[in-house]
Amino acid sequence: MLTDKFLELLKYEGEVALTSWGAEETPHATGTWISYLTLTEDGRLLAPAAGFTHFEADIKINDTVLALVAVREVAGFNDYPGIGFRLTATAKLLDDGSDFELVKGKYPWCRQALELMPIKLEQLL
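Every position in the sequence shown, counted from 1, becomes a number in the numbering used here once 393 is added.
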């Protein structure tokens, strides 16, 4: 599911813009950093979540989220500088288990671990 170009992008710093939507009419945007992402052997992405209270309420209603991830350091279409992806994923917030312990060990300030299970990956740039 995750392409070689996407995996290359994960080696650089940049923002991960997360969009969720639940019961409200408008979507909610939050974010994290690429360097906070941990790729699991089975292709999930884990990240620390400290606040994420609005996001948490949204995914209780609708666990599908969009993540926009981009960096300048990797060549995109036609070898232009910069690459970007839209990742559609199901999201969970974990507060126990080995995945939570892995994230908490790296980022002691987190209260939960965000788990993103990719559904669709689209290269935009």
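In this text, a Cβ means the ideal position worked out from N, Cα and C, and glycines have one as well.
Assignment of Lys499 by DSSP, reduced to helix, strand and coil, places it in the helix class. By alpha-carbon distance to Ala440, the top candidate from Glu449, Thr433, Leu395, Tyr429 is Tyr429. With a threshold of 16 other beta carbon atoms within 10 Å, Ala416 falls short and is exposed.
By the Cβ rule, the segment 498-511 counts as touching the segment 431-450, because three or more pairs are nearer than 8 Å.
In the displayed model, Leu438 falls within a strand according to three-state DSSP.
Here Gly424 is exposed, its C-beta having fewer than 16 other C-beta atoms within 10 Å. Remark: C-beta atoms of Gly475 and Leu514 do not approach each other more closely than 7 Å. Excluding its 5 nearest sequence neighbours in each direction, Trp426 has C-beta neighbours in its own chain below 8 Å: Glu406, Gly407, Glu408, Val409, listed in chain order.
Gly436 is positioned such that its CB atom lies closer than 7 Å to that of Leu395. Shortest Cα-Cα distance from His421 to any of Thr446, Leu403, Thr483 involves Thr446. The residue from Arg479, Ser491, Asp488 with its alpha-carbon nearest to that of Ile512 is Arg479. Leu432 is bridged by DSSP to Leu438. Val458 is a Cβ neighbour of Ala484, given a cutoff of 7 Å.
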